[in-house]
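Note that the protein sequences, when read in sequence, are chains L and R.
Our numbering applies: residue 90 is where the first sequence begins, and numbers increase by one.
Our numbering applies: residue 4 is where the second sequence begins, and numbers increase by one.
Encoded as structure tokens, the structure appears first; notes follow it.
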Amino acid sequence: MALDMEGMMKELRETYASGKTKSYEWRISQLRALLKIADHHDKEITEALRCDLNKPELESFVYEIASMKSSCQLALKQLKRWMKPEKAKTSLTTFPSSGQIVSEPLGVVLVISAWNFPFLLSLDPVIGAITAGNVVVLKPSEIAPATSALLSKLLGEYMDTSAVKVVEGAVDETTALLEQKWDKIFFTGNGKVGRIVLTAAVKHLTPVALELGGKSPVVVDKNINLKVAARRIIAGKWGCNNGQACVSPDYMITTKDYASQLLDVLRSELETFYGKDPLKSEDLSRIVNSNHFLRLTNLLDDEKVSGKIVHGGQRDKTNLKIAPTILLDVPQDSLIMNEEIFGPLLPILTVNKIEDSIDVINAREKPLAAYLFTNDKRIKEEFIRNVSTGGLLVNDTILHVAEHSLPFGGVGESGMGAYHGKFSFDAFSHKKAVLQRSFAGDVPARYPPYTPGKLRFLKALLNGDVVGLIRALIGCPTRLEKEKKSSIRKSKSPLGNPSGQPKQSFGPHGHCYRIQKLMR
Amino acid sequence: MDCKETLESELNELRNTFNSGITKQESWRRSQLKALLSLLEEKEDDIFKALQQDLGKHRIEAFRDEVGPLIKSVNYALKGLKQWMSSKKADLPIAAFPARAELVPEPLGVALVISSWNFPFGVSLEPLVGAIAAGNAVVLKPSELAPASSSVLANTIHTYLDNKAIKVIQGGPSIGQKLLQQKWDKIFFTGSAKVARIVMTAAAINLTPITVELGGKCPAIVDSLSSSWDKEIAMKRILAAKFGTCAGQACIAIDYILVEKKFSATLVKLLKASILSMFGENPKELNSIGRIINNNHFSRLRKLLDEPGVKASIVHGGSLDEDALFMEPTLLVDPPLKSGVMIEEIFGPLLPIITVEKIEDSIEIIKSRPRALAIYAFTNNENFKKKLVYETSSGSVIFNDAIIQYVADSLPFGGVGECGFGKYHGKFSFDVFSHEKAVARRSFLLDFWFRYPPWNDKKLQLFRSAYRFNYLEIILILLGLKKS
């Protein structure tokens, strides 16, 4: 069924022009509708996620439904405050005046979502767009078709479809969408498609937010609670869509002498979590499709690493499952160390001392997240100071993403822009400066005809220099002017002022002199 | 190619400097900002001379619009630097206890600032202040259309600032292209939409975040003002914001006026009188108005005037001196709305006055056009002001003045829609060249065992309670007192 793109854009622009999406009531109604979807249809949602990704119900609940509800609830609670204009303190330079920063919607926005958290990554940005008062089109990922269809059905039923639309489809539909004029594009996905989106945005100079990925390192120091650390790493890697998350720990770095101890604990905890035969565990998501399955098995079969597997490696092609796999000391130029893994493979690199991990990380593109397990304060501070990453979490994995007071976004290759909490509202808003000036308190120095006195006044005004202002008003030269004048005088009469000759009064200078005499 | 190799080796030097960590240090940033201040104070005469040469700007206009605001901005950055650089605490809910979270600002890396010709010092150095304060290494590419200013920038920055971290690369489009082929951590562009698209296309290849400061047609609504003092001040401010600011060649200059029909004749009379008192009988001789930048733009403006219907709408001025690149302040009343002068950004000393039946109609006119960098309204009607702010969209809205938002440090300066994206000035300059890194720390204590597989219904129930922040329920379930 061919989508009438032009017709859809016309309708959306008309809806936006009507002003209805700007009202507080409309935004609240839409947020409530989204909450209803999560509350009344959680079974269908978890089923769709099971279908698309074999996602365990608890993961679906925790990482998708509950996260989305939590975003909605925060927005419902805070929206009035977020919508309020911010007062901006104005200075002497514009006195008398009052300033405000007013948040306004950008207009008609496009959200392109990803397949790995298809419910959350579609609706979280949509929540941001709605709270900011925009009209929005959502394009869910076709690689998670059950969720895409469900989103289209549920949003079609519950939301104001003149303002919130879902367009399903693949490359063709996405290309057609990208040709339209948007006021903002919010994209979650990989860097290759991110570049395509950014290039398409050029035509209409559309601002873009890109939530990409990268190789998020997890650095493990010694002298820590290794059991808890191992559990948290496993939960973040395999317990979160089986490694297929933009913030999954991608690879691990530890010291040479700690590696075997770390490995032992990881192995035993993995068995606790997933049993002796993880391919049979119901608690592991599958690989999303055969393309990615092939990609991951190629990484394992790379001759540079095939001998480095120290745990796991089992695969089930029919069910698209790969067991939690750990590799030790893979070469830096192997395939697995040169692309984002996005799967259940964890290479461990070893270094002599833990500080060396900083250089290993900085030699690569900036990641979306970096994790550090340590109790050493000095190492913590050095890491935080020197590792540039979207987000950094010490002694845990993934959790910082659930925190609404922290911006979630990348830097460099891992993306641009951030969202979550109020950052979502801001990402879809324009911050308009409003300055109110009075007709009183005019500064004639601003206008021609121009005179040296005016220049003096302006200098003092722009410096916020109250004393200077007064001096300018009564006609005193500035220190710099005095110095210039004295250097000119010195060059003219090297013998200084001949005695007996009265000092010349140069206009305003003389005036000032007279006033000073009066004040003595 | 020699030129390309030199460019690459210069950029390598910048990258090495950045990687050494020196630009991140507060002491370095402060020293560079102080050096910039010295540059502005000590080289003031050279700056004025260059602006006179490139644009015919009077030194006071040059100080008021470029040097003065820059000094103010550098001082503001010096004052705020420590606080801007420090981490900000972020609130965490009890469910995440024990934990700590903060936002840590860090420089993006090596930034490219591409500047424009109309405020060659202002538009080059304001972003530079932000880039330095945020701890980046920077390349500045000034506009070749203002060659004297470009040269002074290159010489003074070379003398006063740290050359290993801050460089000026002069040249035209071909240098621009070569620069765009390099990998940058941020690009800050001021200029036209056409060139912005070229820059954005290049930025897309390396996923470089970009800020674009463009222009547009900034309208000024002039309501009926009862007091004669208000009228007088309004006229001065309007004229200063049009003819007195780079002869109207400014992204935030008043482009056209909207006024009620019944007031338009009075407005024209007042404007004519003020033009005379402000700019004198012979503004060309008095140098109270700047020049048009070059022959291209002069011809462009002449063409706008020559269009049928436009020439007939001239009520004041209209004389041109191509040799001196000088145009007299020109007022037009109701030129055809479809003419070039009402479609494209004028960027010159032609001021169309469009009349409306009632002042509220101006809102519809503004809404029907692409969004502008600023909307100005000279009015004392509070209801109208509110309506204007909430029904229109623009970079900014200014009441009873114009251009002055440029020097307000606490207000973001930037566009929306067709006039650009991203903002700067004040702390916004620091932010636009920073990455705000989210940092959270957890303790090994208090681990929630229900986070981990194997999954069961009890764990699910605990999660449901945890997400509702229903701590009592969590305790009850844990104690086995509530069924899952």
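Positions of the beta carbon are idealized from the N, C-alpha and C atoms, including for glycine.
A quick note: this is a predicted structure, and the numbers were derived from the prediction, not measured.
Per DSSP, I208 (chain R) has no beta-bridge partner at all.
Around the C-beta of E502 (chain L), 16 or more other C-beta atoms lie within 10 Å, and the residue is accordingly described as buried. Here the alpha carbon of T439 (chain L) sits roughly 12 angstroms from the alpha carbon of V307 (chain L). Listed in chain order, the alpha helix (DSSP H) elements of length 4 or more contained wholly in the stretch 251 to 301 of chain L are 260 to 267, 280 to 290. In terms of beta-carbon proximity, N408 (chain L) stays away from the interface with chain R, with every pair separated by 8 angstroms or more. Taking C-beta atoms under 8 angstroms as the contact rule, F192 (chain R) and A199 (chain R) qualify, at a distance of about 6 angstroms. Under the Cβ criterion of 8 angstroms, P456 (chain R) is counted among the residues facing chain L. I468 (chain L): member of the alpha helix (DSSP H) spanning 466 to 475, first to last residue. Among the residues facing chain R, S112 (chain L) is not included, as its CB has no counterpart in that chain under 8 angstroms away. The Cβ atoms of M238 (chain R) and L261 (chain R) lie no closer than 8 angstroms to each other. The Cβ-Cβ distance between G506 (chain L) and L299 (chain L) falls below 8 angstroms. Taking a 10 Å sphere around the C-beta of S30 (chain R), we find fewer than 16 other C-beta atoms and assign the residue as exposed. Your pair M281 (chain R) and P537 (chain L) checks out as a contact, with CB atoms roughly 5 angstroms apart and the cut at 8 angstroms. Secondary-structure assignment with DSSP links F497 (chain L) through a beta bridge to L:Y508.
By a beta-carbon distance limit of 8 angstroms, H400 (chain L) contacts R356 (chain L). Their separation comes to about 6 angstroms. With contacts defined as CB atoms closer than 8 angstroms, F206 (chain L) and N330 (chain L) qualify as a contacting pair. Judged by DSSP secondary structure, G418 (chain R) falls outside any beta strand (DSSP E); it is assigned neither H nor E. Comparing alpha carbon positions, the residue from L:F462, L:L524, L:K281 closest to F184 (chain L) is L:L524.
Using a Cβ-Cβ cut-off of 7 angstroms, Y363 (chain L) is close to P456 of chain R, given in chain order. Annotation: the continuous beta strand (DSSP E) that includes F191 (chain R) extends over 189 to 193.
Residues of chain L whose Cβ lies closer than 8 angstroms to the Cβ of F329 (chain R) do not exist, since the nearest Cβ in that chain is about 15 angstroms away. Look at the beta carbons and you see the stretch 316 to 334 of chain R touching the stretch 345 to 359 of chain R: at least three pairs across the two are nearer than 8 angstroms. Contact residues of the stretch 346 to 372 of chain R toward chain L are K370 (C-beta to C-beta distance below 9 angstroms).
Around the beta carbon of A529 (chain L), fewer than 16 other beta carbons lie within 10 angstroms, which makes this residue exposed. When DSSP states are grouped into helix, strand and coil, K167 (chain R) belongs to the coil group. At least one C-beta of chain R is nearer than 8 angstroms to the C-beta of R320 (chain L). Looking at the DSSP output, K158 (chain L) shares a beta bridge with no other residue. Under the 8 angstroms Cβ criterion, the stretch 374 to 390 of chain L counts as touching the stretch 409 to 426 of chain L, having at least three qualifying pairs. Here V410 (chain R) is buried. Its C-beta has 16 or more other C-beta atoms within 10 Å.
Residue environment: K389 (chain R) is assigned as exposed (fewer than 16 neighbouring CB atoms within 10 Å of its CB, all protein chains considered).
Inter-residue distance for K466 (chain L) and K442 (chain L) is about 16 angstroms (C-alpha atoms, whole angstroms). Nearest CB-CB separation between K521 (chain L) and chain R: below the 8 angstroms threshold. Shown here for R102 (chain L): same chain residues with a beta carbon closer than 7 angstroms to its own, the five before and five after excluded, namely V197 in chain order. When Cβ-Cβ separations below 8 angstroms define contact, K75 (chain R) makes contact with chain L. Relative to T211 (chain R), the option among L:H509, L:G499, L:A549, L:L435 whose CA is nearest is L:G499.
Rounded to the nearest whole angstrom, the CA to CA distance from D448 (chain L) to K365 (chain L) is 37 angstroms.
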